[in-house]
Each structure stands twice: as C-alpha cells, then as structure tokens.
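Beneath this line is the structure, given in structure tokens, with notes to follow.
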Amino acid sequence: MSGFTAVIYKNKKAIPSLKAFSTRRDYEKKMICRTEETDKFSVQQLTNEKFLNDKVFEQDEAYFIGIEGVIFNLNEIILKENLINKNTFSVLKQLYTNYGANFVELLRGDFSGFIYDKKADSWLLFTNQTGSKRIFIFENSDYLFFASDLKQIASLMSELDIPRKLNIDAAYSILTSGFMLNEISYIEGVTKLLPGCYLEHKNGKSNITNYFHLQNIKQTTDTKEQIIEKVDALFRQAIKREFEKDKEYNYRHIATLSGGLDSRMTVLMAHKMGYTDQLNFTFSQANYLDEQIAKQIAIDHRHEFMFQALDGGNYLRNVDEIVSYNDGMILFSGGAHVLKSCKNLNFDDYGLVHTGLIGDAVLGSFLTKPYTTKPVLAASVYSSKLIRKTEKYIASVQQNYESEELYKFYGRAFMGAMNGNYYLDVFSQSVSPFLDIDFLSYCYSIPENLKYKQEIYIDWIAQKNKEFANYPWEKTGVSPLISLNNKKYFALGYYKRMSLKFFDKLSGKMKSGMNPLDYWLEENKVLAQTFVDYFEKNLELVEDEELRNDCKWLFEKGNWGERIQVLTLLSAIKLHFS
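Anchor point for the sequence shown: position 389 equals 1750 in my numbering, and the numbering is continuous, going up by one each time.
Structure below.
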C-alpha cells in the first residue's frame, strides 16, 4: 500500500536494514521508495509515481516533513498567507512555524503525513479530516511505530520479537459490522489515528488531539434557497480543487460513473465547468442499470467510456491478494471490483480518480427520521447474527456520538466506505468532492428535516443542475426529479425497477444489483467451492475456541455475504499473525 513505515527508537539502539523495510509485495515493487535512517529513527515512504510535488519527503536543518497524498489548496494558502517560497516543503514548514500542530486544520485534500522537529526532537503525525489516508500506531517503552499499512506494523512487531495478540472485539466487528467502528485494529495495542486527529510525540510520550470533528459544527440558519446556493457553490469549489490538480500535473481526467446520483454529480458538474476531456469507467453486472445509465451519460457528453463486467464474481477468487490491499479491516468483497477494474486500466496519462464517494450520506441518506435520533445497536451492522457478541463494544463506541447521523459518518462512511480508496491509491489517487471538508461541513449543518430522504439533494439538482436529471436514477428507475413524489407512479421505469426488487425479495437472492453475491455463488459452483475450501483450510488459524466456533456457525448458517465476513477475518489473521 502507498504510504509510510516508521520506527522511532525510544530506549533501544537503532537497528539498520530492518526486513520490514525491504520486503515488497508484487504490486509494491514498481513503487518509488524513499528512506531515511538515523540513530533515532527509520522512516520509509512507498508511493506511486503520481503527484510527487505534493508527496513531500524532504528535510533541512530544522525539519523533516513527509506527505502521502495530495493537498488541494496550497495555492489558496500561498495567496492568503502571502508566502514567497511556493514549493510544498517550504509552505508546510512556514505553516507549521506560524501555527504549530494546528496548521493541519488549514489543509484541504486527501493526505496523511508527519513532521519531525529536529531541535525539539519531537514528532507530529496527522491524517486529514476524514481519515481517508490511514496511519496505524503502536507504542511501548522501547519504540513508537507508525505505518499506513497494518501489515507493516505486524511485520515490525514480529521482527523485533514483540508479541501479537488478536483483538477479539475487532474480530467480532468484522463478523457483524463488516469494518472496525473506531480506532481498534486486529492487533491488540495497535490503533488507527482517527479522522481529524494528530499525534504529538516528545520526550518519550505521545498525546493525541482531535483538531476537527463534525460534532462541533452548528446548524445553519440559512433559508432553503440560501442553502441550495451555498451547496452548489461549495461543490463547484470542490470540483475545481480536484480537477485543477490534474491540470497542474498535465494529466487527463478519469472518473467512476454508475447509475446513481453521486458519481453523476461529479462527472457532470466537472463537464459543466469545462473539464470535458474525461474517461468514465463503470463496473457492475452486465446490462444492469449501472452500465446502461452510465454509458448513455458518457455517450451524450462525448466522454470516453470503459466497462468492467463483474458477472459470476470470479474477481473475488483470490481472497488473500484482495485482503492484502486493505489489511482485512473492511470486507474484501466491498472493494475487490475496484481492484479488478484498475488492473485492466492504464493509468499513465490519467491523474486523480474522481468518484462520488458518500455523496448520498452527505446529503441525507444516513437519516432514518427528519429529526435528530440516537444511534441504535443495529445501525451500520452488516450481519446481526452475532450481534450479541458485540453489544458492549458497539455501545461503548455509540456513547461518543450524539446522533445517528454522526455515528454513521464516523463509522460506516469514514471507516467502511473508504474501502475502494485503498485499491485505487496503488494505481493513482482516489478523491471525492463530497469529501471536501468545506462542502461536507456545510452539508452537515443543514437541518435534518431538509436532508431527510435526500430532499435537499433533489432540490439542488432541480434548481441548479436540472439537466443532470435527464437520466434515470438506478435506485428508482426514473428521473430523480420525480423519484420522491407521486409522478413516479405514472412512469414505466419505476415499475420495472420495483419489479426487480420485488422478485429479489421474493427469492431471497438479489439478482438485479451491481454485484449480487448470493445469486452469483448459487450459479458459480466453482467459486463457491473455492470459498468453502479456503474456509476449511484456514479455520484452524483462529486460536480462540469461542471465536472459531462462531466463525464455523456463521459460515454454515449465513448467506454468502456473511460467509465473506468470515473469510475476511480468516485472511486477516493469516496476514497479520502467520
């Protein structure tokens, strides 16, 4: 995976040439490797060849700074702060000098990073406001490790004879939610730096500060008309930030596109703003609405179009390879289609992979009521069959969130929905304008009654971008403009879409979606047997007897989605503990 691996020595002498710094998985062998080793620390960055001016790994007599990812608003900051030296290292150094650790609040983009202050002998580790670039941390009396990849932490622990123990809460979290709900990882004592946080390490001690949180955003008093105007303006700003980054590096534009609203908003708003040279790519079951709608949008706007058929699910076959990209921290089936598509694309001429990630959530889909409600136990749970085993853990996480929407953002969105990014980032860099923190923050401030059932989303399209609604919405089969009112009952497309949903529900197996797992695995006996064989071969890796029995029960009694939860856990244990 792209990112950092680092060892900071506290009470041990530096160890040169650690194996964890030289071992490469196949897809990492093509990456750029930058390494700095001293008697106090060893730091390495593995990254793809794109956006290297943003990906600082540089030092002078005062500071050593590393950035993984892209920062969109550097030029905005240079103008606002009236900075003379405009290279990324100098800008970040000046911001840190002026604002200290809180300079991170000023940055916009998809990034994580560190700053080592040589004079103070102190470290600052940080991730962006949504945590889209991961940093895992382990600390004891002898070392502080940080890495973008949990596997790297596990390798360092193994090499330095530090015991590793499976975190049982993490195991049951993958068997219920399908991802980790908070900072925990599979390894006890190894945590993930949460969204909007930074860690300061000095004099052998570490302290974590939350510099950004959605809970601190106050509800707007703007009128509905003002809200729509601001939503449109902020979305345009987010689009401009992303697509201008492509132009800065002379890259062409590439964007995912489906039959939903979110990717459509990204693609068509960019086109509307003049970013017309696009390659749109889609992945779904062949001839499903996602392919049909996306293809028509691309044709009508003269964009290039590529389609990856997912029929049969054979792209899921290599469980361990797929899990190696996301550490098993999220269901491997959730991003495997992205990996399959990326392997068939040549990214040489293209820049950021523009997506519509979590657009529906940002504009209301996380709400189950038109007012503030507390999170419930089953919120964001993928499977409830073993939920009794996670009740205490889930409750301990939920008590930190005042609302259902907030809990889902910091769980399902920031911890789960980022899954595809970890695959895309190997080839390029994945971004979404809906994750632009200025856009996201304002949308979070919109009253629940306006966001409920995505009403404000539809109104935004109707009033500012009506032409985007010329194509059906995959969710309803008709234009989004009539999807929430009685006019849909007079449209044939609505009944066609609802009939598919009805027969899916009747059969108990979804056949009409983008990736209908149960249907595929009912038909694809070879793939089904591959999964059964994997389960039987690797179940013995689970040392805890109760957990092993629960895995066996869930695999035998569950549907194929739940079986994939079990396989994700088995592969993760194999990856981090073997």
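Here a beta-carbon is modelled for each residue, glycine too, at the ideal position from N, C-alpha and C.
Source: prediction; values computed, not measured.
Query	Result
Whose CA, out of 1393, 1408, 1379, lies closest to the CA of residue 1940?	Past the boundaries of the shown model lies residue 1940; the chain is included only from 1362 to 1939, so the question cannot be answered.
Would you say the beta carbon of residue 1685 is closer than 7 Å to some non-hydrogen atom of the ligand MG?	The ligand MG is absent from the structure shown, which contains no ligand whatsoever.
On the DSSP letters alone, give me the boundaries of the alpha helix (DSSP H) that residue 1659 sits inside.	1650-1661
Take residue 1447 and list the residues in its own chain whose beta-carbon comes closer than 7 Å to its own, dropping the five residues that flank it on each side.	1439
Examine the Cβ distances between the segment 1926-1938 and the segment 1537-1557 and report whether three or more of them are shorter than 8 Å.	yes
Closest by CA to residue 1429, which one among 1422, 1411, 1849?	1411
In whole angstroms, what separates the C-alpha of residue 1794 from that of residue 1906?	45 Å
With distances taken between CB atoms, is the gap from residue 1490 to residue 1539 smaller than 8 Å?	no
Would you call the CB atoms of residue 1922 and residue 1888 closer than 8 Å?	no
Residue ranges of each beta strand (DSSP E) run of no fewer than 3 residues wholly in the segment 1524-1563, ordered along the chain?	1558-1563
Reducing DSSP to helix, strand and coil, say where residue 1622 ends up.	coil
Under 8 Å, with one C-beta from each stretch per pair, do the segment 1590-1609 and the segment 1552-1566 reach the 3-pair mark?	no
With 16 as the cutoff for other CB atoms within 10 Å, does residue 1320 come out buried or exposed?	Given a span of 1362 to 1939 for the chain in the structure shown, any question on residue 1320 remains unanswerable.
For residue 1477, which of helix, strand or coil comes out of DSSP?	strand
Provide the residue span of the alpha helix (DSSP H) that contains residue 1757, from first to last.	1752-1759
I'd like the span of the beta strand (DSSP E) that includes residue 1744, first residue to last.	From DSSP, residue 1744 is part of no beta strand (DSSP E); its letter is neither H nor E.
Does the structure place the segment 1451-1461 close enough to the segment 1521-1535 that three or more beta carbon pairs sit under 8 Å?	no
Note down the Cα distance separating residue 1609 from residue 1820, rounded to an integer number of angstroms.	34 Å
DSSP has residue 1486 in a bridge; who is on the other side?	1475, 1560
Under the three-state reduction of DSSP, which class applies to residue 1397: helix, strand or coil?	strand
Expressed to the nearest angstrom, what Euclidean distance is found between the alpha-carbon atoms of residue 1483 and residue 1419?	16 Å
Within 8 Å of any Cβ in chain D, is that where the Cβ of residue 1520 sits?	The question asks about chain D, but that chain is absent: this structure has only one protein chain.
Let's see if you can read the secondary structure: which residues bound the alpha helix (DSSP H) around residue 1698?	1697-1704
Quick check: residue 1775 and residue 1727, are their CB atoms within less than 8 Å of each other?	no
May I ask you to report which of helix, strand or coil DSSP gives residue 1860?	helix
Counting only the same chain and skipping the five closest in sequence on each side, list residues whose C-beta sits under 7 Å from that of residue 1477.	1424, 1425, 1484
Looking at the secondary structure, which residues open and close the beta strand (DSSP E) in which residue 1666 lies?	1665-1670
Determine the burial state of residue 1602: buried for a count of at least 16 other Cβ atoms within 10 Å of its Cβ, exposed for fewer.	buried
Just the Cα atoms here: how many angstroms apart are residue 1892 and residue 1468?	44 Å
I'd like to confirm the pairing. Which residues does DSSP put opposite residue 1430 in its beta bridges?	1472
Taking 8 Å as the threshold, find out whether the segment 1758-1767 comes into contact with the segment 1670-1678 through three or more Cβ pairs.	no
Is residue 1646 helix, strand or coil when you go by DSSP?	coil
According to DSSP, which residues form a beta bridge with residue 1499?	1506
Tell me which same chain residues have a C-beta within less than 7 Å of the C-beta of residue 1796, skipping the five on either side of it?	1491, 1493, 1718, 1719
Please name the residue in 1390, 1471, 1513 whose C-alpha comes closest to that of residue 1431.	1471
Please confirm whether residue 1475 and residue 1365 have their CB atoms less than 8 Å apart.	yes
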